[in-house]
Amino acid sequence: MGRWIGRWYRIVPSDELAMNLALIGYGKMGQQVERCALERRHSIQMIANGQWDSASLKGVDLAIEFSRPEAAFENVTKCLRAGVAVVSGTTGWNDKIPAAEMLCNELGGSFLFASNFSIGVNLLFALNKWLAERMNGQAGFAPELQETHHKHKLDAPSGTAIRLAEDLIQAVDRMDQWVIGHATAGSILPIEAKREGEVPGTHRVTYRSATEELSLQHVAKDRVVFAEGAVMAAEWLMGRTGCFRMSDVLNFNPKGS
Ligand SMILES: NC(=O)c1ccc[n+]([C@@H]2O[C@H](COP(=O)([O-])OP(=O)(O)OC[C@H]3O[C@@H](n4cnc5c(N)ncnc54)[C@H](OP(=O)(O)O)[C@@H]3O)[C@@H](O)[C@H]2O)c1
46 MGRWIGRWYR
56 IVPSDELAMN
66 LALIGYGKMG
76 QQVERCALER
86 RHSIQMIANG
96 QWDSASLKGV
106 DLAIEFSRPE
116 AAFENVTKCL
126 RAGVAVVSGT
136 TGWNDKIPAA
146 EMLCNELGGS
156 FLFASNFSIG
166 VNLLFALNKW
176 LAERMNGQAG
186 FAPELQETHH
196 KHKLDAPSGT
206 AIRLAEDLIQ
216 AVDRMDQWVI
226 GHATAGSILP
236 IEAKREGEVP
246 GTHRVTYRSA
256 TEELSLQHVA
266 KDRVVFAEGA
276 VMAAEWLMGR
286 TGCFRMSDVL
296 NFNPKGS
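Residues 46 to 302 in our numbering are what the sequence shown lists, from first letter to last.
Take a look at the structure:
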């Protein structure tokens, strides 16, 4: 049985709902996704960990992609062109996601991207927007972001930190850009990106004034939370057509975000 993740994740799907999965990228996340998928009685039809051929997707219902920033666009578009639904959690390729989504729509395919599959982080996204809208009128508070990840992580800041930063900047009129490190003007949101040991992922949004400080923080305790979320997203995506985010899966914001 899977660990608890949302009310229905505990219920192992019946055999008719079991999927033939492809794992594109078989590093730390790919291997964790495999364990979670097998626990839920899905089968792994194909594993790619480097260059791969579209023909190997024959018989695959859905691909789960956790590879590298420079490989994600090609991996996702190969799945879409082969008519295979794809869930991608690779971070660091935000600039190409709109093109992948456009291709998905042109082909009538199924694509779900999430910079973070944890339920807690998706709640943090919602809380961050809520707080930023209220801080828009509080010019005495200066915002900052901090993220900490394991030392193997290739991209900095994390995709989650970028999403938090962009949502905050959109809501707070006095902020207009983010920077890694120190801000040289009040309109610049500083992001501190730390790389330490094997930390699965910690994100904190802080607002400081001269006299008080308010923070929102999420701590991932184990990377299994991301793998379980990716499998949950894959189960949700099966049978749906279009481009989706984790907020659609969790129904936090029915209009999407
Ligand atoms: N969305 C989320 O919730 C979430 C959570 C955790 C991590 N992530 C992201 O997921 C990605 C993978 O993380 P990870 O910890 O699993 O990294 P990892 O351990 O480095 O694994 C990535 C794997 O992809 C392989 N790879 C390289 N090029 C490929 C290609 N063209 N096609 C298929 N596979 C290829 C790599 O092989 P080689 O080592 O031989 O190059 C490696 O085994 C990162 O971008 C990370 O930030 C997202």
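Every residue, glycine too, gets a C-beta built ideally from N, C-alpha and C.
Own chain, CB closer than 6 Å to residue i, minus 5 neighbours either side, in chain order
i	result
W281	V294
C124	A108 and V131
H195	E243 and V244
G246	H194 and A265
S99	K123 and A127
Rounded straight-line distance, which links the Cα of residue j to that of residue i
i	j	result
S232	A184	11 Å
L259	F186	9 Å
E110	D218	36 Å
G104	N65	7 Å
E119	L68	14 Å
I225	R253	18 Å
L148	T122	7 Å
R80	F271	12 Å
A177	I207	15 Å
G95	S133	16 Å
W175	G204	20 Å
E211	C288	20 Å
I92	G72	11 Å
A279	R240	29 Å
G75	T256	46 Å
L169	W97	36 Å
R290	T193	23 Å
L102	M180	48 Å
A265	I164	10 Å
A117	R85	25 Å
S160	G274	11 Å
A216	Q90	44 Å
Helix, strand or coil at residue i according to DSSP, with G and I counted as helix
i	result
N120	helix
V78	helix
Q262	strand
P143	helix
A67	strand
A93	strand
W223	strand
K239	strand
Q215	helix
L199	coil
V111	Per the sequence shown, residue 111 should be read as Phe rather than Val. Coil at F111, not helix or strand.
V132	strand
S254	coil
R249	strand
T193	strand
A159	coil
R153	The amino acid occupying residue 153 in the given sequence is Gly; Arg does not appear at that position. Coil at G153, not helix or strand.
Residue of the options minimising C-alpha distance to residue i
i	options	result
G242	V270, A130, K198 and V224	K198
H263	N167, I207 and R85	N167
V269	F162, K123 and S155	F162
Q191	R249, A117 and E79	R249
S182	D106, M220, A201 and K266	This sequence places Gly at residue 182; Ser is not what is there. Checking every option, the nearest Cα to that of G182 belongs to M220.
A23	A82, A116 and R126	Residue 23 falls outside the range modelled here, since the chain spans only 46 to 302, and no answer is possible.
Q292	A230, L157 and G246	In the sequence as displayed, the identity of residue 292 is Ser instead of Gln. Looking at the Cα atoms, L157 is the closest of the given residues.
E151	R86, Q77 and G128	G128
S88	D200, D140, D106 and L172	D106
A238	L102, P202 and M277	P202
G153	R126, E273, A117 and L209	R126
A230	A265, A117 and P188	P188
Cutoff 7 Å; reference residue i; Cβ partners in own chain excluding five residues on either side
i	result
H227	P235
R285	S155
S112	I69, G70, N120 and T135
Q77	R268, V269 and A272
E146	F156 and C288
M283	M64, D106, L107 and A130
I142	F158
Beta-carbon contacts of residue i that lie in its chain and below 8 Å, excluding the five residues immediately before and after
i	result
I214	M220, D221, Q222, W223 and L234
P114	T135, T136, G137, W138, L199 and D200
L209	L169, F170, N173, L190, H248 and V250
V276	G47, V78, C81, A82, R85, H87 and I109
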